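Report on the structure given below.
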Amino acid sequence: MAAFPKDGKQLPTVVPILKPDKDPTQPSSYRPISLLFSLSKIAEDIILNRLNKFLTDNNILCPEQFAFKPKLSTLHRLVRVTEFITEGFTNNQKNRSSFPRHPKSVRQSLTGHTHTQTLHL
Numbered sequence: 002m003a004a005f006p007k008d009g010k011q012l013p014t015v016v017p018i019l020k021p022d023k024d025p026t027q028p029s030s031y032r033p034i035s036l037l038f039s040l041s042k043i044a045e046d047i048i049l050n051r052l053n054k055f056l057t058d059n060n061i062l063c064p065e066q067f068a069f070k071p072k073l074s075t076l077h078r079l080v081r082v083t084e085f086i087t088e089g090f091t092n093n094q095k096n097r098s099s100f101p102r103h104p105k106s107v108r109q110s111l112t113g114h115t116h117t118q119t120l121h122l
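For our numbering, add 1 to where a residue sits in the sequence shown, where the first one is 1.
This is the structure:
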């Protein structure tokens with residue numbers, strides 16, 4: 002069995018880069034840049050590509066999975082939800098969906114305090 006070299010997955014070196022026209026005496030004037038081991042990045046990319054291909058070819062991922070898939074994003078999911086709602090209106094069907102009321106609700110839901118509003122469309 003192949004093994005990833007222990008020294009190949011070391012912590013990145015963080016180098017502070019001064020932002021343009023900023024005071025060099027202020028810590029907030031610097032942008033942290035992580036320098037990663039190149040071989041590690043290449044190996045991770047190869048593994049990710051092979052894993053994605055395997056999961057796609059064998060239909061292991063749910064078709065409703067949009068995040069973390071190549072060439073798909075949450076925007077694609079938003080389009081699908083819009084299509085679903087439009088189809089419901091067209092076919093005179095009732096849809097029930099939950100959406101956060103405002104950004105603070107999103108933050109609350111991430112901390113375990115869910116606060117959503119059910120919309121009856």
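Heads up, the beta-carbon is just placed ideally off N, CA and C, and yes, glycines get one too. Note that the coordinates shown come from a computational prediction; the quantities given were computed from them, not determined experimentally.
Whole-angstrom distance between Q66 and S30, CA atom to CA atom: Roughly 39 Å between the two C-alpha positions.
Test item: CB-CB of I43 and V16 under 7 Å: No, the Cβ-Cβ distance between I43 and V16 is not below 7 Å.
Run of the beta strand (DSSP E) containing T14, from where it starts to where it stops: Unbroken beta strand (DSSP E) run through T14: 14-19.
F90 beta carbon near the ligand HEM (any heavy atom closer than 6 Å): Although the ligand HEM was asked about, the structure shown includes no ligands whatsoever.
Cβ-Cβ separation, P71 to N53 (assumed contact under 8 Å), whole Å: With a beta-carbon spacing of about 6 Å, N53 and P71 fall inside the 8 Å limit used to define contacts.
Sequence ranges, alpha helix (DSSP H) only - wholly within the region 53-101, length at least 4: Counting whole runs of 4 or more residues, the region 53-101 contains the alpha helix (DSSP H) stretches 75-91.
Proximity of P13 and L37 at Cβ, strictly below 7 Å: L37 sits close to P13, with the two beta carbons spaced by under 7 Å.
Check whether I47 and R32 have beta carbons under 7 Å apart: Result no, Cβ atoms of I47 and R32 do not sit closer than 7 Å.
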